[in-house]
Amino acid sequence: MAAGFARALGGDRVRVLSGGSEPAGGLNPVAVAAMAEEGIDITTSVPQLLATEDVRASDVVVTMGCGDACPVFPGKRYEDWALTDPAGKDIDAVRPIRDEVRARVQALLAELLPDAHPVPDAQPAADGEPGAGRG
Numbered sequence: 001m002a003a004g005f006a007r008a009l010g011g012d013r014v015r016v017l018s019g020g021s022e023p024a025g026g027l028n029p030v031a032v033a034a035m036a037e038e039g040i041d042i043t044t045s046v047p048q049l050l051a052t053e054d055v056r057a058s059d060v061v062v063t064m065g066c067g068d069a070c071p072v073f074p075g076k077r078y079e080d081w082a083l084t085d086p087a088g089k090d091i092d093a094v095r096p097i098r099d100e101v102r103a104r105v106q107a108l109l110a111e112l113l114p115d116a117h118p119v120p121d122a123q124p125a126a127d128g129e130p131g132a133g134r135g
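Residue numbers (full-length UniProt numbering): 1 to 135.
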């Protein structure tokens, strides 16, 4: 979800890489549905192993509880977001998780891109395109 929001809200201002220390075999369909409610399609995302070279090439590394399983390089900025895992939860339980992820991504993008226009919410516009809603 974080990568989906970062791509939708950051556009071409950011490069987003995503991976996990123990990637799932497929996407969580409830997370996909929760993101679709925001006008963000993450169905083309493929869970993959976090690549050491991606961490090395990143300016900011956001982790979600991977602890010692994630590679650490001195001088990199790391943020560990303690979020509830949406796995096995219904849509009503996933929505607040999604909203927290959105808020954290928005705050990070606002910090990383201070000279950019305010980062919009990811609500779909009247034409259904993401990122043009409340903002």
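Where a beta carbon is used, it is the ideal one built from N, C-alpha and C, also for glycine.
Item	Value
Whole-angstrom distance between V105 and G26, CA atom to CA atom	23 Å
Counterpart residues of R77 in DSSP-defined beta bridges	V60
Separation of P114 from P47, as counted between CA atoms	30 Å
Three-state class that DSSP yields for D12 in the structure shown	helix
Q48 - containing alpha helix (DSSP H), residue span	Taken as a continuous stretch (DSSP letters only), Q48 belongs to no alpha helix (DSSP H), as it is neither H nor E.
Chain-order list of residues whose beta-carbon lies under 6 Å from that of G10 (same chain, five-residue window excluded)	L109
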